[in-house]
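The opening position of the sequence shown corresponds to residue 1 in the UniProt record's numbering, with each subsequent residue numbered one higher.
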Amino acid sequence: MDLLVVGGGPVGLVVALRAADAGLTVTVLEPRHGPVDKACGEGLMPAARERLAQVGAAPNGHDLASIVYTDGRHRVSAPLTRPGLGVRRTVLHAALLEAADRAGVQVRHTRMIGIEPGDPRDHARPARVRTSDGQERTAPFVVAADGLHSPTRRALGLERPARLPRRFGLRAHYAVAPWSDAVEVHWSRNAEAYVTPVADDLVGVALLCRPPGRWDPTWRSFPELAWRLAGSEQTSAVRGAGPLRQRVRSMVRGRVLLVGDAAGYVDALTGEGLTLGTAQAFAAVDAVLAGSPAQYARRAPALGRRSTLLTRGLLAVSGQPAIRRLIVPAAARVPAVYRGAVHQLAGGH
């Protein structure tokens, strides 16, 4: 075995598929069976969609043409230079699992319960992973893609205390035909609601808020959204995720590389999750092929630098009520700046 991947969600499977395509023998450790649902915005920006295609996954969904910010009075739109994709998390995960099966990637349904990171300077000291099925697996390299609350990150002592305030995400779906080909970000005094078309008859709605934010099926804080969803059936249970803010000391320890949410997370405000996660997946495989975790340690922070700075800036100002109410009007007054930011987040080139 050339590579062990801890975590069989979308980013972990992209790692596995990219590595298998490069000729590596890959095993994925994932305790859950089948497509797994998760509270997320379910919008793939163009760069993420293109990376999925490169590893042989083309999930069915709804094309995305733009990103819209609205506060009910002001509205600003940024067209995407290439199409994005709104896709149910379970549909995305199923497509990646099918691609992994075609590629011969082994998925073992077991949990990581202990890890030794090994030494990249000593070939006699590979990484070692103990699993809940009583086995110990060794590999030249391990890539950990085990999510927001990564057990691998914790076991390696790579977590850092998160700064307050911390935010949470909630998500459900409504049986209604999408009224646009955009991801709409609706702003209220204390929260944002993301609307993503994921099929011809279904939209996903994700709410980002600080505690004690709660799911309000009447959407009274978002009058425009309440009007759009009036009479629509909620077709999925409300799922939650958080706290969203996760900090890491490093993305690498020994022969173990962290990718995706396991590698640290700021907030879902700018929707860069899978764009950044897939970019990290590709970079991690490049480093494994080069036999150099240090290469990933140097490159990975730069992959998300722009989106991280923008997200932190938006969070800082949106936490101040007097400034928060000016964000959408300001974007509407200088649409070129807004469109440039969206272009960068979408993986523009």
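Every residue, glycine too, gets a C-beta built ideally from N, C-alpha and C. Every value quoted in this text rests on a predicted model; they were computed, and no experiment measured them.
Residue i - containing alpha helix (DSSP H), residue span
| i | result |
| --- | --- |
| His33 | Looking at the DSSP string, His33 is not in any alpha helix (DSSP H), and its letter there is neither H nor E. |
| Thr25 | First-last for Thr25: undefined, no H or E at that position. |
| Ala127 | Not the alpha helix (DSSP H): Ala127 falls in the beta strand (DSSP E), residues Ala127 to Thr131. |
| Phe282 | Gly273 to Ala290 |
| Thr308 | Arg305 to Ser318 |
| Glu98 | Arg89 to Ala103 |
| Pro151 | Pro151 to Ala155 |
| Ala331 | Ile327 to Arg333 |
| Ala162 | Counting along the chain, Ala162 falls outside any alpha helix (DSSP H), and DSSP gives it neither H nor E. |
| Arg324 | Pro321 to Arg324 |
Continuous beta strand (DSSP E) stretch holding residue i: start and end
| i | result |
| --- | --- |
| Leu173 | The sequence shown places His at residue 173, rather than the Leu named in the question. That run of the beta strand (DSSP E) goes Phe168 to Ala175. |
| Gly187 | Residue identity differs from the one stated: residue 187 is Trp in this sequence, not Gly. Ala182 to Trp187 is the span of the beta strand (DSSP E), which, as asked, contains Trp187. |
| Ala144 | Phe141 to Ala144 |
| Arg108 | Gln106 to Arg108 |
| Leu4 | Leu3 to Val6 |
| Glu116 | Met112 to Glu116 |
Beta-carbon gap between residue i and residue j smaller than 8 Å
| i | j | result |
| --- | --- | --- |
| Glu184 | Val107 | no |
| Ala78 | Arg325 | no |
| Leu303 | Phe141 | no |
| Leu85 | Asp63 | yes |
| His149 | Ala332 | no |
| His173 | Thr235 | yes |
| Asp2 | Leu29 | no |
| Ala300 | Pro293 | no |
| Ala100 | Leu17 | yes |
| Gly254 | Ala39 | no |
| Gly242 | Phe168 | yes |
| Val76 | Thr278 | no |
| Arg102 | Gly56 | yes |
| Leu207 | Ala226 | no |
| Arg210 | Pro165 | yes |
| Ser66 | Leu44 | no |
| Ala20 | Val105 | yes |
| Val11 | Arg153 | no |
Cβ-based burial, residue i [other Cβ within 10 Å; buried from 16]
| i | result |
| --- | --- |
| Gln246 | buried |
| Ser132 | exposed |
| Glu136 | exposed |
| His123 | exposed |
| Ala127 | buried |
| Gln320 | exposed |
| Arg233 | Here the sequence assigns Glu to residue 233, which means Arg is not the residue at that position. Answer is exposed; the Cβ neighbour count stays below 16. |
| Ala336 | exposed |
| Pro161 | exposed |
| Asp261 | buried |
| His349 | Reliability fails at His349, whose pLDDT of 44 lies under 50, so the model's placement of it is uncertain and no value is given. |
| Ile115 | buried |
| Pro217 | exposed |
| Asp267 | buried |
| Arg298 | exposed |
| Val87 | buried |
From the options, residue whose alpha carbon lies closest to that of residue i
| i | options | result |
| --- | --- | --- |
| Arg82 | Pro46, Ala57, Gly61 and Ala103 | Pro46 |
| Gly264 | Leu13, Ala124, Thr308 and Ala294 | Thr308 |
| Leu170 | Arg154, Glu159 and Pro212 | Pro212 |
| Leu52 | Arg102, Ala316 and Thr275 | Thr275 |
| Ala94 | Leu24, Ile327, Gly9 and Ala144 | Gly9 |
| Arg125 | Ala139, Ser180, Leu156 and Cys40 | Ala139 |
| residue 368 | Ala39, Gly204, Val252 and Leu17 | This structure gives no information on residue 368, because the portion of the chain shown stretches from 1 to 349. |
| Val203 | Glu42, Glu98, Val14 and Ala16 | Glu42 |
| Ser180 | Asp201, Pro197 and Pro329 | Pro197 |
| Arg89 | Ala284, Val205 and Ile323 | Val205 |
Problem set entry | Complete runs of the alpha helix (DSSP H) confined to the region 49-80 [at least 4 residues] | none
Problem set entry | Minimum length 3: unbroken beta strand (DSSP E) runs contained in the region 197-277 | 202-209, 239-241 and 256-258
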